[in-house]
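For reference, the structure is listed below as C-alpha coordinates.
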(Lines of atoms letter the chains of each structure in order from A and count residues from 1; the text may use other names and numbers.)
(Lines give C-alpha, C1' and ligand atoms only; values in the text may rest on other atoms or scores of the structure.)
Protein backbone atom coordinates (compact mmCIF):
# COMPACT_ATOMS: atom_id res chain seq x y z
CA UNK A 1 0.00 0.00 0.00
CA UNK A 2 1.11 3.53 -0.68
CA UNK A 3 0.03 5.96 2.05
CA UNK A 4 0.53 9.71 2.15
CA UNK A 5 -1.45 11.86 4.61
CA UNK A 6 -0.52 15.48 5.32
CA UNK A 7 -1.68 16.88 8.66
CA UNK A 8 -3.19 20.32 8.04
CA UNK A 9 -5.78 20.08 10.82
CA UNK A 10 -3.80 22.02 13.43
CA UNK A 11 -4.34 19.05 15.79
CA UNK A 12 -2.39 15.91 16.59
CA UNK A 13 -3.67 12.89 14.66
CA UNK A 14 -3.44 9.13 14.84
CA UNK A 15 -3.12 7.33 11.51
CA UNK A 16 -3.16 3.59 11.00
CA UNK A 17 -3.81 0.68 8.72
CA UNK A 18 -6.41 -1.83 9.88
CA UNK A 19 -7.77 -5.16 8.68
CA UNK A 20 -11.43 -6.00 9.35
CA UNK A 21 -12.03 -9.76 9.56
CA UNK A 22 -15.48 -10.73 8.24
CA UNK A 23 -14.60 -14.42 8.31
CA UNK A 24 -15.49 -17.16 10.78
CA UNK A 25 -11.92 -17.94 11.91
CA UNK A 26 -9.03 -15.81 13.13
CA UNK A 27 -6.51 -14.25 10.74
CA UNK A 28 -2.85 -13.43 11.21
CA UNK A 29 -0.92 -10.38 10.00
CA UNK A 30 2.72 -10.98 9.19
CA UNK A 31 5.59 -10.30 6.76
CA UNK A 32 5.34 -6.53 7.28
CA UNK A 33 7.84 -4.51 5.28
CA UNK A 34 7.60 -0.75 5.34
CA UNK A 35 9.13 2.63 4.58
CA UNK A 36 6.30 4.57 6.27
CA UNK A 37 7.51 7.42 8.50
CA UNK A 38 6.26 10.69 9.95
CA UNK A 39 8.32 13.48 8.35
CA UNK A 40 8.34 17.16 7.48
CA UNK A 41 10.74 16.81 4.52
CA UNK A 42 8.32 15.31 1.99
CA UNK A 43 10.56 15.24 -1.08
CA UNK A 44 13.51 13.49 0.57
CA UNK A 45 11.20 10.95 2.19
CA UNK A 46 9.46 10.25 -1.13
CA UNK A 47 12.82 9.59 -2.79
CA UNK A 48 13.90 7.37 0.11
CA UNK A 49 10.61 5.39 0.08
CA UNK A 50 10.82 4.83 -3.68
CA UNK A 51 14.46 3.72 -3.38
CA UNK A 52 13.57 1.28 -0.60
CA UNK A 53 10.82 -0.25 -2.74
CA UNK A 54 12.90 -0.53 -5.89
CA UNK A 55 15.98 -1.71 -3.96
CA UNK A 56 13.95 -4.27 -2.00
CA UNK A 57 15.16 -2.78 1.29
CA UNK A 58 11.93 -1.96 3.13
CA UNK A 59 12.20 -2.32 6.93
CA UNK A 60 10.89 -5.58 8.44
CA UNK A 61 8.42 -4.74 11.25
CA UNK A 62 6.04 -6.45 13.65
CA UNK A 63 2.30 -5.73 13.53
CA UNK A 64 0.47 -3.98 16.35
CA UNK A 65 -2.01 -6.89 16.30
CA UNK A 66 -0.59 -10.17 15.00
CA UNK A 67 -3.96 -11.92 15.30
CA UNK A 68 -7.46 -10.74 14.36
CA UNK A 69 -10.43 -12.65 15.80
CA UNK A 70 -13.41 -13.56 13.63
CA UNK A 71 -15.57 -10.45 13.27
CA UNK A 72 -12.85 -8.23 14.73
CA UNK A 73 -10.56 -5.48 13.50
CA UNK A 74 -6.79 -5.58 13.90
CA UNK A 75 -4.22 -2.82 13.56
CA UNK A 76 -1.38 -3.54 11.16
CA UNK A 77 0.63 -0.42 12.14
CA UNK A 78 -0.22 3.02 13.56
CA UNK A 79 1.54 6.38 13.78
CA UNK A 80 1.07 9.66 15.68
CA UNK A 81 1.12 12.62 13.29
CA UNK A 82 1.79 15.84 15.22
CA UNK A 83 0.49 19.31 14.44
CA UNK A 84 3.11 22.03 14.06
CA UNK A 85 4.47 23.37 17.35
CA UNK A 86 4.80 27.18 17.15
CA UNK A 87 6.89 28.97 16.08
CA UNK A 88 7.36 26.20 13.49
CA UNK A 89 4.84 25.99 10.66
CA UNK A 90 6.25 22.72 9.28
CA UNK A 91 3.37 20.34 8.57
CA UNK A 92 3.81 16.66 9.40
CA UNK A 93 3.22 13.99 6.84
CA UNK A 94 2.88 10.24 7.39
CA UNK A 95 3.80 8.47 4.21
CA UNK A 96 5.57 5.69 2.44
CA UNK A 97 5.03 2.15 1.31
CA UNK A 98 3.92 -0.80 3.42
CA UNK A 99 3.45 -4.42 2.42
CA UNK A 100 2.03 -7.20 4.58
CA UNK A 101 0.41 -10.62 4.41
CA UNK A 102 -3.01 -11.58 5.81
CA UNK A 103 -3.46 -15.33 6.38
CA UNK A 104 -6.23 -17.46 7.75
CA UNK A 105 -5.16 -19.45 10.82
CA UNK A 106 -7.33 -22.32 9.53
CA UNK A 107 -5.45 -23.79 6.53
CA UNK A 108 -7.37 -23.79 3.26
CA UNK A 109 -10.23 -21.63 4.55
CA UNK A 110 -11.15 -18.61 2.44
CA UNK A 111 -10.43 -15.05 3.57
CA UNK A 112 -13.03 -12.27 3.82
CA UNK A 113 -11.60 -8.94 4.98
CA UNK A 114 -11.26 -5.15 4.48
CA UNK A 115 -8.04 -3.17 4.61
CA UNK A 116 -8.54 0.43 5.73
CA UNK A 117 -6.48 3.48 6.40
CA UNK A 118 -7.97 5.17 9.45
CA UNK A 119 -7.36 8.68 10.69
CA UNK A 120 -8.51 10.05 14.05
CA UNK A 121 -8.25 13.41 15.78
CA UNK A 122 -5.94 13.09 18.80
CA UNK A 123 -3.38 10.36 19.43
CA UNK A 124 -5.29 8.09 21.81
CA UNK A 125 -8.11 6.91 19.52
CA UNK A 126 -8.75 3.20 19.09
CA UNK A 127 -8.54 2.70 15.32
CA UNK A 128 -10.14 -0.76 15.70
CA UNK A 129 -13.51 0.98 16.19
CA UNK A 130 -13.71 2.12 12.54
CA UNK A 131 -15.84 -0.48 10.76
CA UNK A 132 -17.22 1.87 8.10
CA UNK A 133 -17.88 -0.23 4.98
CA UNK A 134 -16.19 2.07 2.46
CA UNK A 135 -14.81 -0.70 0.23
CA UNK A 136 -15.99 -4.23 -0.54
CA UNK A 137 -14.46 -7.13 1.35
CA UNK A 138 -11.55 -8.91 -0.36
CA UNK A 139 -12.13 -12.62 -0.73
CA UNK A 140 -9.43 -15.21 -1.37
CA UNK A 141 -10.06 -18.90 -1.85
CA UNK A 142 -6.55 -20.07 -0.92
CA UNK A 143 -6.50 -18.56 2.60
CA UNK A 144 -3.58 -16.15 2.01
CA UNK A 145 -3.40 -12.72 0.39
CA UNK A 146 -0.43 -10.39 0.18
CA UNK A 147 -1.25 -6.69 0.20
CA UNK A 148 1.22 -4.71 -1.88
CA UNK A 149 0.84 -1.17 -3.14
CA UNK A 150 -2.90 -1.25 -2.47
CA UNK A 151 -3.62 -3.02 -5.76
CA UNK A 152 -5.82 -6.10 -5.61
CA UNK A 153 -4.82 -9.26 -7.40
CA UNK A 154 -7.69 -8.91 -9.88
CA UNK A 155 -8.25 -5.21 -10.46
CA UNK A 156 -6.39 -1.99 -11.04
CA UNK A 157 -9.36 0.11 -9.95
CA UNK A 158 -8.70 0.98 -6.31
CA UNK A 159 -11.39 2.54 -4.10
CA UNK A 160 -9.80 4.78 -1.46
CA UNK A 161 -11.22 6.95 1.29
CA UNK A 162 -9.89 10.47 1.68
CA UNK A 163 -10.33 12.54 4.86
CA UNK A 164 -11.63 16.04 4.24
CA UNK A 165 -11.84 18.48 7.13
CA UNK A 166 -15.20 20.18 7.64
CA UNK A 167 -14.74 22.46 10.64
CA UNK A 168 -13.66 20.23 13.56
CA UNK A 169 -14.92 17.04 11.92
CA UNK A 170 -13.10 14.77 9.51
CA UNK A 171 -15.50 13.72 6.75
CA UNK A 172 -14.50 10.75 4.62
CA UNK A 173 -15.08 10.69 0.87
CA UNK A 174 -14.61 7.55 -1.22
CA UNK A 175 -13.18 7.77 -4.72
CA UNK A 176 -11.95 5.13 -7.15
CA UNK A 177 -8.48 5.43 -8.60
CA UNK A 178 -7.84 3.90 -12.00
CA UNK A 179 -4.20 2.87 -12.00
CA UNK A 180 -2.13 2.51 -15.16
CA UNK A 181 0.88 0.85 -13.59
CA UNK A 182 1.98 -2.78 -13.82
CA UNK A 183 1.23 -4.97 -10.82
CA UNK A 184 4.28 -5.88 -8.76
CA UNK A 185 4.40 -9.49 -7.62
CA UNK A 186 5.99 -10.21 -4.25
CA UNK A 187 7.21 -13.70 -3.54
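Numbering (this note's numbering), first residue to last: 4 to 190.
Ideal Cβ placement from N, Cα and C applies to all residues, glycine included.
Since we're looking at a predicted model, the values are computed, not measured.
- The beta-carbon separation of residue 100 and residue 22, rounded to 17 Å, does not stay under the 8 Å limit for a contact.
- By the Cβ neighbour-count rule, residue 46 is exposed, with fewer than 16 other Cβ atoms within 10 Å of its own.
- Under the three-state reduction of DSSP, residue 123 is assigned to strand.
- Taking residue 7 as the centre and dropping the five residues before and after it, the same chain places the C-beta of 98 closer than 6 Å to its C-beta, in chain order.
- As the crow flies, the alpha-carbon of residue 52 is around 15 Å from that of residue 64.
- Listed in chain order, the non-local C-beta contacts of residue 85 below 6 Å within the same chain comprise 15, 95, local neighbours out to five positions each way being set aside.
- Just measuring C-alpha positions, the residue of 12, 10, 19 sitting nearest residue 132 is 19.
- Rounded to the nearest angstrom, the gap between the Cα atoms of residue 119 and residue 74 is 15 Å.
- In this model, residue 25 and residue 113 are separated by some 11 Å (Cα to Cα).
- Spatial neighbours of residue 126 in its own chain (CB-CB distance under 6 Å, excluding positions within 5 residues in sequence) are listed in chain order as 15, 17, 83.
- Residue 8 is bridged by DSSP to 97.
- Bounds of the alpha helix (DSSP H) holding residue 47 are 45-57.
- CA-to-CA, the gap between residue 122 and residue 110 works out to about 33 Å.
- Membership of residue 64 in the beta strand (DSSP E) is indicated by the continuous run 62-64.
- Classified as buried, residue 130 has 16 or more neighbouring CB atoms from the shown chains inside 10 Å of its CB.
- As the crow flies, the alpha-carbon of residue 79 is around 6 Å from that of residue 67.
- The alpha-carbon separation between residue 58 and residue 41 amounts to approximately 21 Å.
- Annotation: residue 108 to residue 13 spans about 42 Å, alpha carbon to alpha carbon.
- For residue 11, the CB contacts under 7 Å within the same chain, skipping 5 residues up- and downstream, are 94 in chain order.
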